[in-house]
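Count along the sequence shown from 1, add 14, and you get the number used in the numbering used here.
Just so it is clear, CB atoms sit at the ideal spot from N, CA and C, and this is done for glycine as well.
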Amino acid sequence: TSLASRYCHDEFTRQYYPTAGVDFLLKRMSLSGAGNITLKLWDVGGQSLSGNMLDKYVFGADIVILVYDITNIPSFESLEEWLNTVRKIVSSQEPQPMVAVQINDGDLEHQRKVRPEKQHKFIQENGLSSYLVSARTGEMVALCFQKIVAEVLGLKLTRAEQEQQPVMQAEILHTPASTTVPDGHSSTSNNFAPPGSKSAICVIQ
């Protein structure tokens, strides 16, 4: 949901609410060799895996994108179940949809819980395309969707298309200072901004 919101609306919120059922979004893009393209995105919530409508959402799709969070092990562990379910649903579909993996929170490498070698093994064994992105900063999100669509259409992105990406805004969270209290536990200050600072936002071109 956070990636769909970032890509379609260029928005990100820290208050994340899992999708209940499915959300429908539209996004227009232009690619050399294909002209104008309208993407119909169906944002399917994780709870739909055990629902009786999942086949209606997936069958007939040109692309299926599975998403997990590098800081969340359960989200990675659910990938195999999702992949098996999707492949079962589209087994009779021709042509078969492209299945790709978006690896979210690429900006939080220092908080990574899923080991890279484990992720690479899963992707290689299942013959999937994968893309490291960040819904928080917007890094690689637009380019990821462009690459996926271009691959399905049998196109190669031009250098200009690969280099022309939106400006990213990254929130700088200053590490809180820790102090020791008499009982031996650490106490953390909630003051994230340094004294005299005017902003905690930086813009990266």
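Determine the direct distance from the alpha carbon of Met154 to that of Leu13, and round the result to whole angstroms.
-> As displayed, the chain neither begins before 15 nor continues past 219, which places residue 13 out of reach and without an answer.
Residue interval of the beta strand (DSSP E) (run including Phe38) | Here the question's residue 38 lines up with position 24 in the sequence shown. Unbroken beta strand (DSSP E) run through Phe38: 36–45.
Could you have a look at Thr193 and say whether DSSP puts it in helix, strand or coil?
-> Looking up residue 193 in the sequence shown gives position 179. Confidence at Thr193 is low in this model, with a pLDDT of 43, below 50, so its placement is unreliable and the value that follows should be read with caution. It is a strand residue.
Cβ neighbour criterion (16 or more within 10 Å) applied to Lys161 | Against the sequence shown, residue 161 aligns to sequence position 147. Buried is the call here.
With a threshold of 16 other CB atoms inside 10 Å of the CB of Glu131, please say whether the residue is buried or exposed.
-> Within the sequence shown, the letter at position 117 stands for residue 131. Glu131 is exposed by the Cβ-count criterion.
Range of the contiguous alpha helix (DSSP H) that encloses Lys102 = Here residue 102 corresponds to residue number 88 of the sequence shown, with the count starting at 1. Per DSSP, the continuous alpha helix (DSSP H) segment holding Lys102 begins and ends at 93–103.
Under 8 Å, do Ile84 and Met112 count as touching if we go by C-beta distance?
-> To locate residue 84, count along the sequence shown from 1; it is residue 70. To locate residue 112, count along the sequence shown from 1; it is residue 98. Result no, Cβ atoms of Ile84 and Met112 do not sit closer than 8 Å.
Taking one C-beta from the region 59–74 and one from the region 116–128 each time, how about it: are there three or more such pairs within less than 8 Å?
-> Too few Cβ pairs lie closer than 8 Å, so no.
With DSSP run on the structure shown, which of helix, strand or coil describes Ser144?
-> Within the sequence shown, numbered from 1, the residue matching residue 144 stands at position 130. DSSP places Ser144 in strand when its eight states are reduced to three.
Which word fits Ala48, buried or exposed, when buried means at least 16 other C-beta atoms lie within 10 angstroms of its C-beta?
-> As a working mapping, residue 48 is identified with position 34 in the sequence shown. Classified as exposed, Ala48 has fewer than 16 neighbouring CB atoms from the shown chains inside 10 Å of its CB.
DSSP on Gly60, reduced to helix/strand/coil?
-> For the purposes of this step, residue 60 is taken as residue 46 along the sequence shown, with counting starting at 1. Residue state, collapsed to three classes: helix.
Which residues mark the beginning and the end of the beta strand (DSSP E) in which Gln178 is found?
-> Residue mapping note: residue 178 aligns to position 164 of the sequence shown, counting from 1. Annotation: Gln178 is outside any beta strand (DSSP E) and is labelled neither H nor E by DSSP.
Is it a yes or a no for the region 36–47 touching the region 162–177, going by three-plus beta-carbon pairs under 8 Å?
-> Yes, they touch.
Just how far apart, CA to CA, sit Ala214 and Glu25?
-> To locate residue 214, count along the sequence shown from 1; it is residue 200. To locate residue 25, count along the sequence shown from 1; it is residue 11. Its pLDDT being 42, under 50, Ala214 is placed unreliably in this model, and the coordinates cannot settle the point.
Beta carbon of Phe38, beta carbon of Leu93: below 8 Å?
-> Taking the sequence shown and counting its residues from 1, the one referred to as residue 38 is at position 24. Taking the sequence shown and counting its residues from 1, the one referred to as residue 93 is at position 79. Against a cut-off of 8 Å, the Cβ pair of Leu93 and Phe38 comes out as no contact.
Could you work out which residue in Ala156, Leu142, Arg129, Glu165 is closest to Cys22 when comparing CA atoms only?
-> For this step, residue 22 is matched to residue 8 along the sequence shown. If we check each option's Cα against that of Cys22, Ala156 comes out closest.
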